[in-house]
Amino acid sequence: MMDRTDHPEFEAKVTFLKFATAVLFVLFGVRLFYLQVMQGATYRTLAENNYTRTIVMRSPRGIITDRNGLLLCRNRISFSLVLDTAKEGSLEKTIASMNRILGLSMTEAEVKAALKRSPVPSLAVLARDVPPDWLQKVETHPDELKMLRVETELRRDYPNGPLASHAVGYVGLLSEEEAAALQLRDPDPFIEVGKAGVEKTANAVLMGENGRRTAQVNAMGREVEDPRLRLPGVGVQKEPVPGKPVRLNLDLELQRILTEAFGEETGAAVFMNPFTGEILAWVSVPGFDPNLFSHTISAKDWQSLAEDPRHPLLNRPIQGSYPAGSTFKPFVALVGLEEGVLTPGTTFYCPGGWDYGGHTFHCWAKGGHGRVDLLTAIQNSCNVFFYHAGDRVGIERLAKWGALFGLGNRTGVDLPGEGSGILPSPAWKLSRNMGPWYPGETLPVSIGQGYLTVTPLQLLSFYATIATGGKRYQPRLLSGEPRLISSVEVSPSTLEVIREGLERVVTSGTGKACHIPGLTVCAKTGTAQVVEASAGKDTKLLDKTIRDHAWFAGFAPRENPQVAFVVLVEHGGHGGDVGARIARAGLEYLFFGKKPGQEEGPAPSAAPLEARGRAPSPAEG
Amino acid sequence: MREALERSFLGDRVTTTVFLLLLAFGTLMVRSATFGTRYAALGDRQVLYAGIALVVFALAALIPYSIWFEYGYLLYAGSVLALLVVLVAGRTIAGSRSWLYLGPIGFQPSELAKAAAALACATVIRDLPDKGLEGRQVALLWGIVGLPMVLTLIQPDFGTATTFLPMAAAVLYFARFPLARILKWGGLVLLGILLLFALGWFTFLKPYQKDRILTFLDPAHDPRGAGYQVAQARIAVGSGELWGKGLYSGTQNRMNFLPAPHTDFIFGVVGEETGFLGSMAVLGAFLLLLGRFLSTLRVARDAEGRFLVLAVFALLLYHLLVNVGMVLGLLPTTGIPLPFLSYGGSFLVSTSFLVGLAGNVRSRRYLG
């Protein structure tokens, strides 16, 4: 049995091996006991954290329609390339692979900037509106592009482009401050919030609320649905609440007609139901394409918009501040009549100017209007009459009544960024450290110049109040119940005088271009001087940038008015020309269903082309 | 009577029973570790490998081991030849040229060389007139072990190459050196390895190898790379708790958090799905096998048989130590599989052959 390998040491060696093996297995056993029994619960939590993910369930934003249900804004499906830094992998290598596989040329700095912008620190949206086949490209490179994924999102789509862009507004990605203010439970780098227009004011209604669910995902981030691996609590935690649709008071067709009537001009036009405050048209030209803004506007697009000398981003009806010009005269007449310093029979002599305090205040008619009464003064927009009238009324009474009509104050329209214009008064002047009020400063104010500035919407609000007989309704883009702001006490006789003057403007005065057979339009033209020196000169000869602004504001019809309007054409020259023509296009559509280039009403499609082509167009008269 | 009984039961009862249990359990674990993944086909293939392993084990356990020794040199020469061929015609997988394909059948010559080297060493001892090894014989045996080791190192497959070291240690242990001297010299060699390692750090170690060592020393190092693997393996084992999550229900395994679950980290799947009890049972089975080998050392009837059992013991212990130590976060990451549990045909066949031989030596201890 025994051979020579059984030297005495061998027994000891075997014993030592037994001992060493036992020590090793005890060590393993202790380690297993420590990991699995003592620390087991901790590791179980770690394992569960590994494969459960909270997934945000996006809620679609509400759509926006006009009063007839025509789409102003909808959602469309879009694919975005998203970087998730919570995934394992090297950012540097991922960018290199991404650029190679997807044909991009992003730098690490750009990617880091995108991460910094994101409301969710680990996620960044690298590219939007990517081709759908990127989804497959990313999925087929699970190792190299582990940190990337292509997500489906709903993006805002404004089918009408620049049309009504200032009313509808646009959306953008949630900023950090907005995220904090909204206190979102389920942050998501794709959350859009309204940044302008109704998108902003009605954001809370439109936005809805993201839902949340817990999903089980594998190491590649793909969801796993094996019931054997199912954890309690996996599933939907909160259903998403979709945003509600919003209906605007706008009439898209009226909006289109008015916008097109502006042609290449810049300016603003607002049409409103005076008895409800419903805004039927909100034109600010030039417009901009709100599609450029969702989600983030490119630096190039932003620059071209911001640096455009025509200021397409300016929401002119509320952010433009202009001298009211002659459209202010009916207000001065109203105050004079109400305060008893003027009567319908009051006359002044207009020789073409008035020397006052060592300064000559000109009338726009060089030769003067001769002796004019109040109605004629409104009809022909005589400056000298209103210099006298304003002088009699005085700045304090103008300021008092101005405030009653909401001048110098925001109208409260449901759009962000409204300006308030300036309603000057001695107190206002003092508060600005501009010294005491001089009586000579009242005269330019009386013809809507001087310190006075208004927003087009404020002026519209004044004319709407004349139409309603003193009731001031809040202008509203969003449909809903009318809101009375205040009632100004104006005697019916005063209102009748003003209305008569406004009707005469259109029938036989400066606003004849808006004379529409079958409709009594009450309106006033205005020519707001941009440069003082242009007074009395033929504005058409002046350089476009210093030509006067053209106003046309009023309501129709005289009895039971259904619409009040304001049209402002920047550097448009005389309000009676271009302003009245634009207003006329809108009124003809509203009251007679007539579209420019068409005869009465929408032409039946069966009508022979020849017959329509020969028909004389009344719009040209 | 007893001999006849044991021989009728495929060699040694205990060895065979434990082998069958580990083989069945291992196949099950590979199936669980590949279920529902793109490696699912490997689970089926492992069943085939297990069948081959069963046949090889039966042959190794039943054919008198003296007959196997007749083929010792031939098998060794064949495996060295295969190792040479693989260097020229092998298929490169994961950076090392270690796969040889004969038509559709692929195998790793380095895995087969482990068994061949052990058998060859035992055959040399059989043929030595003086069975007590002296310096010269030790050098010869080391040469036999060293040749396939160097060829494996050239592939380069550092992990597999180190698995030849336990056989070299077995030779030393078997030699007529006192234990104290072996331990003393062993300590010195360990020191030398450390120095060599320090040298290697600046010369031949590859970045990924350095990474693994750094990760072992400081798990926070590179948590997305090698550290991630170690951390996920630990989570897998720990989250199994006492009873485990059940077969096919390990989330770390099934959801791909555990790296290489069917090969190097299969013990992580064991820990996760069968818990502390299952892991201890697997370790217990291995302990039973190793203890059986140690007791065989005392009763084997000849020196070559005794050496063979010692070599198998060393090889098995080394794989267990390095693999389980890695999964439990006690040792750095190395690509060394766990016997009977890790996926892979060559290694399974090779270990089954050796364990079968070891059982054979025990069952024939009275013969002769």
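Residue numbers (the numbering used here), protein chains in the order written: chain A, 1 to 621; chain B, 622 to 989. Beta carbons are placed, not taken as given, at the ideal position from N, Cα and C, and that holds for glycine.
- A/Asp-129 counts as exposed, since fewer than 16 other beta carbons sit within 10 angstroms of its beta carbon.
- Bounds of the alpha helix (DSSP H) holding B/Val-701 are 693-710.
- Between A/Ser-420 and the set A/Gln-319, A/Pro-189, A/Gly-172, A/Met-98, the nearest pair of CA atoms involves A/Gln-319.
- Boundaries of the alpha helix (DSSP H) around B/Phe-974: 966-984.
- Look at B/Leu-915: its C-beta is under 8 Å from a C-beta on chain A.
- Between the region 156-165 of chain A and the region 135-146 of chain A, the count of C-beta pairs closer than 8 Å stays below three; the two stretches do not touch.
- For the set A/His-571, A/Val-567, A/Gly-573, A/Gly-572, the Cα lying nearest the Cα of A/Gly-586 is the one of A/Val-567.
- In terms of Cα proximity to A/Asn-50, the closest of A/Ala-215, A/Ser-486, A/Phe-331 is A/Ala-215.
- By the Cβ criterion, the region 410-430 of chain A is not in contact with the region 363-374 of chain A, since fewer than three pairs of Cβ atoms, one from each stretch, lie closer than 8 Å.
- Judged by DSSP secondary structure, B/Gln-729 falls outside any beta strand (DSSP E); it is assigned neither H nor E.
- Under the 8 Å Cβ criterion, the region 383-394 of chain A counts as touching the region 434-444 of chain A, having at least three qualifying pairs.
- Taking A/Asp-308 as the centre and dropping the five residues before and after it, the same chain places the C-beta of Pro-286 closer than 8 Å to its C-beta, in chain order.
- Residue burial annotation: B/Trp-806 is exposed, with fewer than 16 other C-beta atoms found within 10 angstroms of its C-beta.
- DSSP, read as helix, strand or coil, puts B/Ser-963 in coil.
- Listed along the chain, the chain A residues whose CB falls inside 7 Å of the CB of B/Arg-919 are Val-14.
- For B/His-940, the closest C-alpha among the options B/Phe-886, B/Met-901, B/Arg-919, B/Gly-896 is that of B/Phe-886.
- Cβ-Cβ distances below 7 Å link A/Val-445 to Gly-390, Ile-395, Leu-398, Pro-424, Tyr-451, Leu-452 in the same chain, with the five nearest sequence neighbours on each side left out; the list follows chain order.
- Annotation: the region 432-474 of chain A contains the following complete segments of the alpha helix (DSSP H) (minimum length 4 residues), in chain order: 442-446, 456-468.
- Within the same chain, Cβ atoms closer than 8 Å to the Cβ of A/Asp-84 are found at Ser-122, Leu-123, Met-147, Leu-148, Arg-149, Gly-221, the five residues on either side in sequence being excluded.
- The beta carbon of B/Arg-659 does not come within 8 Å of any beta carbon belonging to chain A, so the residue lies off that interface.
- Taking a cut-off of 8 Å for Cβ pairs, the region 346-356 of chain A and the region 495-505 of chain A do not touch, as fewer than three such pairs fall below it.
- Within the region 69-95 of chain A, the residues whose Cβ lies closer than 9 Å to some Cβ of chain B are Glu-88, Gly-89, Ser-90, listed in chain order.
- Following the DSSP letters along the chain, one finds A/Gln-237 inside the beta strand (DSSP E) bounded by residues 235-238.
- When DSSP states are grouped into helix, strand and coil, A/Ile-191 belongs to the coil group.
- About 7 Å separates the CB atoms of A/Val-193 and A/Met-207; that is less than 8 Å, so the two are in contact.
- By the Cβ neighbour-count rule, B/Asp-748 is exposed, with fewer than 16 other Cβ atoms within 10 Å of its own.
- The way I'd put it, the region 895-908 of chain B does touch the region 858-872 of chain B; three or more beta-carbon pairs between them come closer than 8 Å.
- The beta carbon of A/Gly-40 falls within 8 Å of a beta carbon belonging to chain B, placing the residue at that interface.
- Going by beta carbons, A/Val-454 and A/Tyr-589 fall outside the 8 Å limit.
- DSSP places A/Asp-373 within a strand segment (E or B) once states are collapsed to three.
- The three-state reading of DSSP puts A/Asp-84 in strand, counting E and B together.
- For A/Gly-172, the pairing in a beta bridge is given by DSSP as A/Val-193.
- Nearest to A/Asn-380 by alpha-carbon distance, out of A/Val-332, A/Gly-402, A/Ser-326, A/Gly-340, is A/Ser-326.
- Contact between the region 920-934 of chain B and the region 900-908 of chain B is absent: fewer than three C-beta pairs spanning the two stretches fall below 8 Å.
- Proximity of the region 268-284 of chain A to the region 474-487 of chain A meets the contact definition, three or more beta-carbon pairs being nearer than 8 Å.
- The Cβ neighbour count for A/Asp-251, taken over all protein chains shown within 10 Å, is at least 16; the residue is labelled buried.
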